[in-house]
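J.: As given, the protein sequences belong to chains U, C, P, G, W and H, one line each in that order.
Position one of the first sequence corresponds to residue 1 (the numbering used here), numbered consecutively onward.
Position one of the second sequence corresponds to residue 1001 (the numbering used here), numbered consecutively onward.
Position one of the third sequence corresponds to residue 2001 (the numbering used here), numbered consecutively onward.
Position one of the fourth sequence corresponds to residue 3001 (the numbering used here), numbered consecutively onward.
Position one of the fifth sequence corresponds to residue 4001 (the numbering used here), numbered consecutively onward.
Position one of the sixth sequence corresponds to residue 5001 (the numbering used here), numbered consecutively onward.
Every residue, glycine too, gets a C-beta built ideally from N, C-alpha and C.
Protein chains: 6
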Amino acid sequence: MFMHNKRLMYTVRVAAPDPKLADLILEQFGGPDGELAAAMRYFTQGLAEIDPGRKDLLLDIATEEISHLEVVGSIVTMLNQGVKGQMAEGLEAAQLLANISGGTDSHTTALLYGGGVALTNSAGVPWSAAYVDSRTEPTADLRSNIAAEARAKIIYERLINLCDDPDVKDALGFLMTREIAHQKSFEKALYAIETNFPPGKLPGQAEFTNTYFNMSQGEGDMRGPWNQGEQWDFVEERERQAAVDGGDGSASVKLSRADAAIAKKVAARTMSDPSSDPITGAELGQGAQPS
Amino acid sequence: MFMHNKRLMYTVRVAAPDPKLADLILEQFGGPDGELAAAMRYFTQGLAEIDPGRKDLLLDIATEEISHLEVVGSIVTMLNQGVKGQMAEGLEAAQLLANISGGTDSHTTALLYGGGVALTNSAGVPWSAAYVDSRTEPTADLRSNIAAEARAKIIYERLINLCDDPDVKDALGFLMTREIAHQKSFEKALYAIETNFPPGKLPGQAEFTNTYFNMSQGEGDMRGPWNQGEQWDFVEERERQAAVDGGDGSASVKLSRADAAIAKKVAARTMSDPSSDPITGAELGQGAQPS
Amino acid sequence: MFMHNKRLMYTVRVAAPDPKLADLILEQFGGPDGELAAAMRYFTQGLAEIDPGRKDLLLDIATEEISHLEVVGSIVTMLNQGVKGQMAEGLEAAQLLANISGGTDSHTTALLYGGGVALTNSAGVPWSAAYVDSRTEPTADLRSNIAAEARAKIIYERLINLCDDPDVKDALGFLMTREIAHQKSFEKALYAIETNFPPGKLPGQAEFTNTYFNMSQGEGDMRGPWNQGEQWDFVEERERQAAVDGGDGSASVKLSRADAAIAKKVAARTMSDPSSDPITGAELGQGAQPS
Amino acid sequence: MFMHNKRLMYTVRVAAPDPKLADLILEQFGGPDGELAAAMRYFTQGLAEIDPGRKDLLLDIATEEISHLEVVGSIVTMLNQGVKGQMAEGLEAAQLLANISGGTDSHTTALLYGGGVALTNSAGVPWSAAYVDSRTEPTADLRSNIAAEARAKIIYERLINLCDDPDVKDALGFLMTREIAHQKSFEKALYAIETNFPPGKLPGQAEFTNTYFNMSQGEGDMRGPWNQGEQWDFVEERERQAAVDGGDGSASVKLSRADAAIAKKVAARTMSDPSSDPITGAELGQGAQPS
Amino acid sequence: MFMHNKRLMYTVRVAAPDPKLADLILEQFGGPDGELAAAMRYFTQGLAEIDPGRKDLLLDIATEEISHLEVVGSIVTMLNQGVKGQMAEGLEAAQLLANISGGTDSHTTALLYGGGVALTNSAGVPWSAAYVDSRTEPTADLRSNIAAEARAKIIYERLINLCDDPDVKDALGFLMTREIAHQKSFEKALYAIETNFPPGKLPGQAEFTNTYFNMSQGEGDMRGPWNQGEQWDFVEERERQAAVDGGDGSASVKLSRADAAIAKKVAARTMSDPSSDPITGAELGQGAQPS
Amino acid sequence: MFMHNKRLMYTVRVAAPDPKLADLILEQFGGPDGELAAAMRYFTQGLAEIDPGRKDLLLDIATEEISHLEVVGSIVTMLNQGVKGQMAEGLEAAQLLANISGGTDSHTTALLYGGGVALTNSAGVPWSAAYVDSRTEPTADLRSNIAAEARAKIIYERLINLCDDPDVKDALGFLMTREIAHQKSFEKALYAIETNFPPGKLPGQAEFTNTYFNMSQGEGDMRGPWNQGEQWDFVEERERQAAVDGGDGSASVKLSRADAAIAKKVAARTMSDPSSDPITGAELGQGAQPS
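What follows is the structure, given as structure tokens:
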């Protein structure tokens, strides 16, 4: 069960309204690496988790992320406070338009969301559960969590670079720092699984686990620990990259006699005759005089 | 520049059409962890990458993933071959309906996509670029790639568990194995960055980097390396979890006098009077007789 | 700030796994009228709200809805518990396939989400913030909340009709009941605004506020309190329904001379000549012999 | 059957092209509270409705909303008329760029839609049927309609505040007014259902219908008619908010012996060992020297 | 302005309820090639069109498509009539579940939409304006219309193949036939533009207009009128396919000195050192003992 | 199998960074008519195609389009090169904000995607497979391809109009030209099918194939080859447009006795009584004193 305490996890002090900055910060409210995505990622994993240690960890951090969502939303709300009243009461139109349209998507935040806080990213795209990549397998999910924390850290870093209100900067710094701490916890939980690589249960096929296919060739080809050294079998002949199973590289299926007959009929009915030379619509459209 | 060789990277042999299995395998064609998502993740990173080693690595693997997309699509196409002809030529309706609707979303694949191959997941949801989490920062992106390979490995493992055509199983096994190999390469590239943690450039705030907030409490609380040991400051008093900056936990903004006046007007006009006891629509709807 | 207590708001007891029922119940986890939508609707409103009474009310109910989300997710998790293990460890394929594909979209829940709990509706469509219709204006938002509670109540009622596990039915009954209670609170808050109709600040144009246009005519035309009685001006002549402002019903704009000249050029270049009788591609495609 | 009369329902006179205003007004063309959403909401309800009075009402208003869609689309078209020709014929690039990019998303309207009218909101997000919340139950649907009309009224009010072309303002005023009239009709239809609360057929559980859970606590806690008075049971002790059914607040399911055995195996295989203290990837990434 | 006549454009007679067929037919209600997509495609084009002939044509057909939408929706409604009542009143659960879940997505239609008619495709995916490809350029738009009519014709053909209720088949046959007639009209309008190819105004670069690049090579290479004959320059040497402009095929930009310095710093800070051989997280996860 | 050659298909030379232009060009990277949509359209068709000529053609062009995707992505990357470094290293905030927010959605490209290249359109909307309209029927698919090439040509033309860097203009010109060439090939393939109209296999109903319904009437009615001439039966009486099958234009279904009884019960329970005149919530909200 969740409970709410009216004090924020971090005090929010905003020097002055700034709807453009508000719009950018929405990225961490309703964007793909934002706090809702984080909270829902860990919450769905926590619900389905049966390992007691991870279950507790996931619900701890999920709860913290919802609390961060509240901090981010409160920053946005404060930054939009001026425009919110102006939209509700009505200012002189030209003034109002100037206030809401300054080179970001803050116009939509003002118009559709009334200067409130919207579950969209900074381009106005609604949050989608497609951002949540929980798969109910811990060695995959923990890696997804590590990556998600890393991404979220970067977005906060960019926002800090874009912000010049010292108190907001400070709050963003706190939020950024917590992503670092969370990543560390998820790393510990991953490596506390005795064998966590390869993920899941099935082993790979021995002959393809250490192969590196040099698929992109030309000036710029490089070697490094990711494709050189004794563990790697480096394959660059194009011939050895195709049909690596030793077959002919075609796709086939055994059709029933009835299906085969149908397939033949379709093929005949819809053949593009390679020996024809038809007049086309495009040629008519260029003024060709069909004879 | 991309070139195409008509031989598949892995020969596809399907024992018999099976639209239900086809529908499940779509997960790796147009699903969030499928081959298009993988290819586009690495391709977009590769284009923007300036480190020569990583650029080469990303384009190598992106190219291989597109080749895998072709293998997966060819499997699906072969499994749908029967239904495809049947939809085109028309069978007796009851028969046709039985053939396409067997407890998965294969009915949509047959009806809308004609038994071809669709860029949807196994529930018919169209592929979305929201699945691609490239952020143009290598220590975040490489972690995203590692996680994505882990997830894809798991989905192939599940498909293998669901499949009983040995040749298809074999092809799925190859594809699964390559995810393992790719993960290994991305790990090498990540750790070949001298300092890759914390991601990005800004350091965290020292006082919050090693703090663990025990936000979820009660029976089931656990300690483990993710929140115990000397590196962690474990905080469980609720009082110490709120307003961790030492402030009062409220949100505030300094409004101009004009904006403050407007805000006051809005508040007065739209107040929900706490001392009222109004009759409501719901009460009317329950037959209340307002007096 | 949010805190979590490991006890659920309602104890969840499931008699036996049932992935098909799990899939249906996802409607209230990640569907448009589900608990996440409710929680986010009230949470976003609560953040931007300045009226102290409503702010408190919105955060109370938002917090309860997140607690409901946890209850619903726990039901789904329990119902999927069998399939979850089976997917992870691997059963015989035919058996596994039978278990996950029984006429709902549970196949996707098993395959992509591993028998966990997914933020999708019962058709597998990912949750979208497009479901959240907060507009930061209380007389509109409270009506949206009332409507949302009414919809959620109906979906729970349908799920109860579809469920025959008495304990699950009981938990669904609790959740349904809370929607009724919430609707009542939102109704009170709406009617505690002294003038709450029309919503917002601007009055309507007097001449169109009480007009009813009978746009759909023929057998089945009906009168009722929504279009009859002294308050309504009932307009059925088609002539009086068009150009109700008394103008000519056309659309016009004053272009600058330069723009007008450009518009003329485009028109001339792209005219579909009404006096022509061209041969078309379709006619070629039917075997017409153009002369 | 629908018929079309070339005269608009309201004459559209635009003083001068203004692609920025056009972009904002798209909110009511292809946005969530726009005319297409309204039309489709009532149209889908009308089709499935069996009550003759409501069926007629819904089709009347659906038809009017499509006519409004045409008015809104015509306003947008006129406002874009200049840019449309300029994109088609080509101006000097710097001039053209200046014309289409002025702080809203009008650049996309010009580039992708050629200065026509797009079914997107003001941020360029395509219209989605997720906006349509018809549920085929009249006491829920009518409340959704009332709320939708209230939201639409507000968006028109905001657009009027943003507009300084008196004729466009006038047309927007007409459209806003009609939302008021529609809301009144839907209210009449709702209250003309003898018992319309609670929505649907099933009654609530008596013990939870009048309970108010004070989930959010701290400075700012408020009482009002929504949670005080004799009808309400106000619960604020945290203990009484958890496991309100009197159980232990846990989630459980009875697994078959086979499933229980599988679950045990998964748990063992994937345990995060709480007594370990593993070196992690993050530590490697910080330069830790594993020993 | 639109008007509505209560008689359908085509009488709908359904022999018996069939929610599975209803679900399939949704494809033409809320699917990508369905009647709403058609209506909105022509309506948006018609609004922005300035050529009087095409404007009239587009509004004629848009209006007819909305009337078709009503016919399709009425078929679906009738097919769902049984389930709709059963969901509202409540049947015995097992019976109800059997009735709504028969191998298509009809379970969602019953649960979320109450047996009404939903703006989704047959997989439950909500309709999206992304289906509407109007671009406000007639030689492109008319081709899009021709293609859309062709696709819609095919989907109706498949539905007819899947249907065995003769009256429904007949209505579907009418709808299919109208797509043929509409395609013919759009073809006439396209070819009545004197020069309609290439589309738009700018000519192509002469040296690449008639070139065919044989990008996919191997067994299966074919020649036909699309790449042979005197109009085509057939290029198959790989060398002549890359950097066809005669340059070196690289991508470059002139950076300011400041930006160049920054780029250098980023590169140094984030280099993946190709000469390193780091221990990775994956290796730890396999039990490697780092030394 | 795909292979990659590090040389681009067209050399990319950019005179100076320009994030606004980059944002606009994203339209052809991740927009509906962009290169990914093209590549995936032809690739999915090619996989399912059985006609050897078309299969080869589709894979040739799909491969070329992926190569174009790389060219477009490289242009965008070069245009963003300045901002990319600035975001990574951090500039002074005001400067940075000015650099990324100039009246397009480039702020999102900078913030979320770090100045890389994003699979979105110019409004930041993520690419969706809903853009891909492959239906696995060649006479429909080839028309879709023709239309898609025409649309893509137009978007490139508009971008060329918006661009003043001569080298970028040149590259865009090459890409535009290739769309023309591709359209020509697809036209040839379509007309090389002996009978390609009507699409598919089923013929239309003779009585409705040549009918034109004049649905939109009033000033502006036009005749042209699309509705006049001997092939057309022009129907304008409204009476002849409704119920064209000669029935009564109603919708009916034969319900079982049990279902009919249920339907009756629902109707009675939920009737909106036309003879009532209820007080409504809106009236309460206007201060009505219910008696």
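Note down, in chain order, every chain U residue with its Cβ under 7 Å from the Cβ of P:Asn-2005.
T.: Met-1 and Met-3
J.: Looking at chain W, which residues of the segment 5146-5176 of chain H have a Cβ within less than 7 Å of any of its Cβ atoms?
T.: Ile-5146, Ala-5147, Ala-5150, Arg-5151, Lys-5153, Ile-5154, Glu-5157, Ile-5160, Gly-5173, Phe-5174 and Met-5176
J.: Give the interface partners of H:Glu-5219 over in chain G, defined as CB-CB distance under 8 Å, in chain order.
T.: Lys-3006 and Arg-3007
J.: Step through the CB atoms of chain C and report whether any lies within less than 9 Å of the CB of P:Tyr-2042.
T.: no
J.: Please give the ranges of any beta strand (DSSP E) in the segment 5164-5210 of chain H, keeping only runs that are unbroken, at least 3 residues long and fully inside the region.
T.: none
J.: Starting from H:Ala-4983 and walking both ways along the alpha helix (DSSP H), at which residues does that stretch end?
T.: Look at the range of chain H in this structure, 5001 to 5291, and you will see that residue 4983 of chain H is not part of it.
J.: Please classify H:Gly-5298 as buried or exposed, where buried requires at least 16 neighbouring CB atoms within 10 angstroms.
T.: Chain H is shown only over 5001 to 5291; residue 5298 of chain H falls outside these bounds and no answer can be derived.
J.: Mind checking which residues open and close the alpha helix (DSSP H) that includes P:Val-2235?
T.: Note, P:Val-2235: premise wrong, no alpha helix (DSSP H); beta strand (DSSP E) at 2233-2235.
J.: Is the segment 110-123 of chain U touching the segment 4-24 of chain U, taking contact as three or more C-beta pairs under 8 Å?
T.: yes
J.: Rounded to a whole number of angstroms, what is the C-alpha to C-alpha distance between G:Gly-3246 and G:Phe-3208?
T.: 13 Å
J.: For H:Val-5125, which residues in chain G fall below 9 Å Cβ to Cβ?
T.: Thr-3108, Thr-3120, Ala-3123, Gly-3124, Val-3125 and Pro-3126
J.: In three-state DSSP terms, what is U:Val-253?
T.: Strand.
J.: Specify whether the segment 4040-4049 of chain W and the segment 3063-3077 of chain G touch according to this definition: at least 3 beta carbon pairs, one from each stretch, less than 8 Å apart.
T.: yes
J.: Three-state secondary structure (DSSP) at G:Ser-3291?
T.: Below a pLDDT of 50, predicted positions are generally treated as unreliable, and G:Ser-3291, at 49, falls in that range; the measurement from the model is reported next regardless. Coil at G:Ser-3291, not helix or strand.
J.: Consider the Cβ of H:Ser-5185: report whether some Cβ of chain W lies at a distance smaller than 9 Å.
T.: yes
J.: Since P:Thr-2120 sits in a beta bridge, which residues does DSSP pair it with?
T.: P:Pro-2126
J.: Can you confirm whether H:Ser-5275, when its beta carbon is compared against all beta carbons of chain W, has any partner nearer than 9 Å?
T.: no
J.: From the beta carbon of G:Asn-3196, is the nearest beta carbon of chain C less than 9 Å away?
T.: yes
J.: Three or more C-beta pairs under 8 Å: does that hold for the segment 4052-4061 of chain W against the segment 5228-5246 of chain H?
T.: no
J.: Using 10 angstroms around the beta-carbon of H:Pro-5278, count the other beta-carbons present and answer buried if the total reaches 16, otherwise exposed.
T.: buried
J.: Return the residues of the segment 3232-3254 of chain G that lie within a Cβ-Cβ distance of less than 7 Å from chain U, sorted by chain order.
T.: Taken in chain order, the members of the segment 3232-3254 of chain G whose beta-carbon sits within less than 7 Å of a beta-carbon on chain U are Arg-3238, Gln-3241 and Ala-3242.
J.: Name the two residues that bound the continuous alpha helix (DSSP H) containing G:Met-3087.
T.: 3081-3089
J.: Listed in chain order, which residues of the segment 3020-3038 of chain G have Cβ atoms closer than 8 Å to some Cβ of chain H?
T.: none
J.: Could you check where the alpha helix (DSSP H) with H:Asn-5227 kicks off and where it finishes?
T.: From DSSP, H:Asn-5227 is part of no alpha helix (DSSP H); its letter is neither H nor E.
J.: With a CB to CB cut of under 7 Å and the five nearest residues on each side skipped, what residues in its chain are close to G:Leu-3057?
T.: If we look at G:Leu-3057 and ignore the five residues flanking it on each side, its Cβ neighbours are Ser-3185 and Ala-3189.
J.: Would you list, in chain order, the members of the segment 4053-4066 of chain W that have their beta-carbon closer than 7 Å to a beta-carbon of chain P?
T.: Gly-4053 and Arg-4054
J.: Buried or exposed: H:Pro-5017, going by 16 or more other Cβ atoms within 10 Å of its Cβ?
T.: buried
J.: Does the Cβ-Cβ distance between P:Met-2176 and U:Leu-8 come in under 9 Å?
T.: no
J.: Buried or exposed for W:Glu-4219, going by 16 or more other Cβ atoms inside 10 Å?
T.: exposed
J.: Going along the chain, which residues of its own chain have a beta-carbon closer than 7 Å to the beta-carbon of C:Met-1078, five neighbours each way excluded?
T.: Val-1012 and Val-1014
J.: Taking 9 Å as the threshold (C-beta atoms), are U:Arg-54 and G:Ser-3272 in contact?
T.: yes
J.: Do G:Thr-3139 and P:Ala-2048 have their beta-carbon atoms positioned less than 9 Å apart in this structure?
T.: no
J.: Do the CB positions of C:Ala-1181 and U:Gly-204 come within less than 9 Å of each other?
T.: yes
J.: If you pair each beta-carbon of the segment 4241-4260 of chain W with each one of the segment 160-169 of chain U, do three or more pairs fall below 8 Å?
T.: no
J.: Find the nearest neighbour of C:Ala-1123 within the set C:Met-1003, C:Tyr-1212 and C:Thr-1108, judged by alpha-carbon distance.
T.: C:Thr-1108
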